[in-house]
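S.K.: In the working numbering, the protein residues as written are 160 to 334. Heads up, the beta-carbon is just placed ideally off N, CA and C, and yes, glycines get one too. Dropping a structure here in structure tokens format, bear with me for questions.
In structure tokens form, the structure reads like this:
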């Protein structure tokens, strides 16, 4: 089996933690099927954005339990955590963001100058929410692109998939 390297999106981490704790949901079963086919030479990585999203979720939960933070940190420790640095921001995030702007901005390139560079601020009925674009998803996708990793996500990410083209491979291990 050939080796592959993967980056897990935030939305895979909950089902993965559940699976590792012995969960038996349909998601856990689907995930386990993929997880068990990984070769010894495959590596699975996390992005600091995902760590931040999980920690944020734990902090705003109705009952903030310190033991859950401890368990999350122990869970994260099993993975290689990639850095987000200047090169990644400049060469990959900025590239994806520019592609997104060119793909989604209304009107011709000449007319686009009147639009803000932020999708959320366009005076057009299409919003970032309608395009299913989240800033953190762009950072996670840029991390996958920078390190040539398969991005494992359950998100559709249609706009990001379109602009990434063959630069990022996507897989959904929950299907």
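Starting from residue 320 and walking both ways along the beta strand (DSSP E), at which residues does that stretch end?
M.R.: Residue 320 -> not in any beta strand (DSSP E); alpha helix (DSSP H) instead, spanning 317-323.
S.K.: Helix, strand or coil for residue 235? Go by DSSP, reduced to three states.
M.R.: Helix.
S.K.: Taking the beta strand (DSSP E) that residue 252 falls in, what are its first and last residues?
M.R.: No beta strand (DSSP E) holds residue 252; DSSP gives it neither H nor E.
S.K.: In angstroms with no decimal places, state the Cα-to-Cα distance between residue 292 and residue 226.
M.R.: For residue 292 and residue 226, the distance between alpha carbons rounds to 33 Å.
S.K.: Among residues of its own chain, excluding the 5 on either side of residue 284, which ones have a beta-carbon nearer than 8 Å to its beta-carbon?
M.R.: With a pLDDT of 48 at residue 284, under the threshold of 50, the predicted position of this residue should be treated as unreliable, though the coordinate-derived value follows. Nothing listed; no residue qualifies.
S.K.: As a quick exercise: from 165, 328, 243 and 264, pick the residue whose alpha carbon is nearest that of residue 200.
M.R.: The shortest Cα separation from residue 200 among 165, 328, 243 and 264 belongs to 165.
S.K.: Closer than 7 Å by C-beta to residue 330: which residues in its own chain qualify, once you throw out the five before and the five after it? Chain order, please.
M.R.: Taken in chain order, the residues that qualify are 309 and 311.
S.K.: For residue 264, verify whether its CB is less than 6 Å away from any heavy atom of the ligand ADP.
M.R.: For the structure depicted, the ligand ADP is absent and the ligand set is empty, with no information on it obtainable.
S.K.: Which one of 249, 238 and 255 has the shortest CA to CA distance from residue 204?
M.R.: Selected option, being the one with the closest Cα: 238.
S.K.: I'd like the list of long-range same chain contacts for residue 326, defined as Cβ closer than 6 Å, with 5 residues on each side in sequence excluded.
M.R.: These residues qualify, in order along the chain: 304.
S.K.: Out of curiosity, what's the CA-to-CA distance linking residue 256 and residue 186?
M.R.: Cα to Cα, residue 256 sits roughly 31 Å from residue 186.
S.K.: Assign residue 297 to one of two classes, buried (16 or more other C-beta atoms within 10 Å of its C-beta) or exposed (fewer than that).
M.R.: Classification for residue 297: buried.
S.K.: Over what stretch of residues does the alpha helix (DSSP H) that includes residue 214 continue unbroken?
M.R.: Taken as a continuous stretch (DSSP letters only), the alpha helix (DSSP H) holding residue 214 covers 207-219.
S.K.: Who are the Cβ neighbours of residue 262 in its own chain at under 6 Å, not counting the five residues just before and after it?
M.R.: Around residue 262: 322.
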